[in-house]
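Residue numbers (the numbering used here), protein chains in the order written: chain A, 1 to 348; chain B, 1001 to 1284.
Everything on this sheet refers to the single structure shown next.
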């Protein structure tokens, strides 16, 4: 660069820069455009309200699990943080929503906000512990944080009910109109709508410049910081957001079950969430939902055959899945989609 | 008070034998093996079955517990684990959690979910008064056995040919392979010995720790604390860490029972944050 640039050349670089800018905007908008499979996915999801009225209880569990897995996807799939303690935020949200319902009001929507806030606070406070060390340190810190919360909930039985679980939660009707029924119809519609809204938000976030900077951090933190991405604040931000999501999942659980046990904070819960996400695939937001569906169906089938030992088969599934290559289902879909697109372009 | 310290010491030594195998696989070989406790459980159940159901003397079952867990470790390493060495951390985590789930629920199916009671021989029961201190004989036995093991392990790793081969293989696999060290065999043997020691620890601890199918999950965090706090530069770090952990756990649960295991987990988090390399590690 010369000290005093030639005005013509400067104008040329300006138009070039504007051109690049436009192209960047176009590329980023493209990711936000709804594709046909996406629209179909949500049509099917909402159609299940009317088509599968007998399955709403299990569908509710699937929707909650999907919110939880979506939350893990935000940190694992986009920021590359491996966590073994995501139940910490889930359980915090669940207990916060439960205590709020008992001591303040049974109104569910503010309960959701309380759950989200609890998850976010825990996540924000512990996110600073994750900024040092590699994957292994993060694994153990997250595991440790979840274990600490589990012990707190276990020992503070006056507040949390300890090992007996938190009982006596009564929920008011949603918006004062829709009462939670035993067949779980209201609960399912409620969870599905929350899932959809959270998904929309996540979709905006991961396709924003912020989300793209996260992917850069995931691929190479050192280079990301070299191009000027503030790595640590970004990680804290996404971890907090994911914590809020997990808190909402916990609150949804409380609202639909009206009972919380220590399982909400247990290692098993974290492992389940991770497994669900891995089954569905990371880094494209739908993984959690597809995984939750697949996981619950598999669990249901196995539990019907051998109610006591289904954990064994889940373990076997995990081992085989990892050995076989956990990105294979995603790759098969990708090749299919690429082939379809190729065909369509060939016809045009 | 002195009795409590003695108990804590025994508990810590036991933790050391249980987790020193993990210090090698996780710390040195960099393989995240969350299924380590499953081998300990295998050893524990082997001892319980052999003594209670087949009437074998307790002391004879200890080497057998070692062998059962070591063989299981060797076979799994050769068939499954070896495929996972080069995989990502997440893959290793998922794979070994899967193994833990299978072990937990498989053992539940085989033996039932109740706690196993181990009948110790009478000469290991009871307490004696030594210099005015009330000492459990079994606790003293534990300290003796585990202390000898710790010394032997440290010598094995620092003084023998196998130990130097292992250290070389861990530091740089390719170069070690290049100078003719059978890296695969070294890793397989190390893994088997580590699993065997866990099995021995499970057998020794069956009476103190309480043996249920949930054992691998229940003590997972203890193993991880030992490895992370102890660092991996030698066997001494994990040994000190185990003893500290054992003392803290026993004393903590005695004096502040309301806190329970809370202290231990909090210590883990703090140690990891303050010293990610471990409390007793050399500067890397």
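Quick reminder that beta carbons are idealized off the backbone N, C-alpha and C, glycines included.
The model shown is predicted, which means the values in this text are computed figures rather than measured ones.
Next item on the list: Name the two residues that bound the continuous beta strand (DSSP E) containing residue 372 of chain A.
Entry: Residue numbering for chain A in the displayed model covers 1 to 348; residue 372 of chain A lies beyond these limits and cannot be assessed.
Checklist line | Cβ-based contacts, 8 angstroms cut-off: residues of the segment 165–192 of chain A near chain B | finding: none
Next item on the list: Less than 8 angstroms between the CB atoms is what I'm expecting for residue 1095 of chain B and residue 140 of chain A, so what's the real figure, rounded?
Entry: With 8 angstroms as the limit, residue 1095 of chain B and residue 140 of chain A do not qualify as a contact, their Cβ atoms being about 17 angstroms apart.
Next item on the list: Would you check if the distance between the CB atom of residue 246 of chain A and the CB atom of residue 28 of chain A is smaller than 8 angstroms?
Entry: no
Check: How big is the Cα-Cα spacing for residue 179 of chain A and residue 169 of chain A?
Finding: 14 angstroms
Margin query: Nearest by alpha-carbon distance to residue 1070 of chain B: which of B:1003, B:1175, B:1107, B:1199 is it?
Written below: B:1199
Notebook entry, point to check: Which residue's Cα is closest to the Cα of residue 112 of chain A: A:338, A:253, A:267?
Noted result: A:253
Next item on the list: Measuring only between beta-carbons, confirm whether residue 1265 of chain B sits less than 8 angstroms from chain A.
Entry: yes
Margin query: From the DSSP secondary-structure annotation, give me the bridge partner or partners of residue 1211 of chain B.
Written below: B:1116
Check: Should residue 1109 of chain B be flagged as near chain A, meaning a C-beta pair shorter than 8 angstroms?
Finding: yes
Item checked: contact_flag[the segment 1204–1219 of chain B, the segment 1118–1126 of chain B] where n(CB pairs < 8 angstroms) is 3 or more -> yes
Margin query: Pull the bridge partners of residue 174 of chain A from the DSSP assignment, please.
Written below: A:178
Item checked: Rounded separation between residue 1253 of chain B and residue 1261 of chain B - CA only -> 8 angstroms
Notebook entry, point to check: Can you tell me whether residue 1059 of chain B is buried or exposed, with buried defined as 16 or more other CB within 10 angstroms of its CB?
Noted result: exposed
Notebook entry, point to check: What is the DSSP secondary structure of residue 33 of chain A, reduced to helix, strand or coil?
Noted result: coil
Notebook entry, point to check: Quick one: complete beta strand (DSSP E) runs, 3+ long, within the segment 184–258 of chain A?
Noted result: none
Notebook entry, point to check: What three-state label does DSSP hand residue 1136 of chain B in the structure shown?
Noted result: strand
Note to self: Give me the residue from A:122, A:306, A:104 with the minimum Cα distance to residue 92 of chain A.
What the structure shows: A:122
Notebook entry, point to check: Got a sec? Which residues, its chain only, sit under 6 angstroms from residue 13 of chain A by beta carbon, not counting five neighbours each side?
Noted result: none
Checklist line | Interface residues of chain B facing residue 151 of chain A [CB-CB closer than 7 angstroms] | finding: 1260, 1261, 1262, 1265
Checklist line | Contact set between residue 1097 of chain B and chain A, taken where Cβ atoms lie within less than 7 angstroms | finding: 271, 318
Check: Given that residue 267 of chain A touches chain B, what residues does it touch there, using C-beta distances under 7 angstroms?
Finding: 1217
Check: Is there contact between the segment 224–232 of chain A and the segment 45–56 of chain A, where contact requires at least three CB pairs shorter than 8 angstroms?
Finding: no
Check: Looking at chain A, which residues of the segment 1080–1092 of chain B have a Cβ within less than 8 angstroms of any of its Cβ atoms?
Finding: 1080, 1083, 1084, 1087, 1089, 1090, 1091
Check: How many Å lie between residue 1270 of chain B and residue 1241 of chain B at the Cα?
Finding: 14 angstroms
Notebook entry, point to check: Can you list, in chain order, the residues of its chain whose CB lies under 6 angstroms from that of residue 1 of chain A, leaving out five sequence neighbours each side?
Noted result: Residue placement at residue 1 of chain A is flagged as unreliable, the pLDDT there being 44, under the threshold of 50; the coordinate-derived value follows with that caveat. Here the set comprises nothing.
Notebook entry, point to check: Apart from the five residues on each side of it in sequence, which residues of its chain come closer than 7 angstroms, Cβ to Cβ, to residue 149 of chain A?
Noted result: 88, 91, 92, 265
Next item on the list: Starting from the Cα of residue 1137 of chain B, find the closest Cα among B:1123, B:1149, B:1146 and give me that residue.
Entry: B:1123
Notebook entry, point to check: Could you give the distance in angstroms between the alpha-carbon of residue 118 of chain A and the alpha-carbon of residue 244 of chain A?
Noted result: 7 angstroms
Checklist line | 7 angstroms Cβ shell around residue 19 of chain A - same chain, five flanking residues per side excluded | finding: none
Next item on the list: Return the bridge partner residues of residue 1129 of chain B from the DSSP annotation.
Entry: B:1134
Margin query: Below 9 angstroms on C-beta distance, what does residue 137 of chain A contact in chain B?
Written below: 1228, 1272, 1273, 1276
Next item on the list: For the segment 309–328 of chain A and the segment 270–281 of chain A, state whether three or more C-beta atom pairs, one from each stretch, are separated by less than 8 angstroms.
Entry: yes
Note to self: DSSP three-state label for residue 1256 of chain B, please.
What the structure shows: coil
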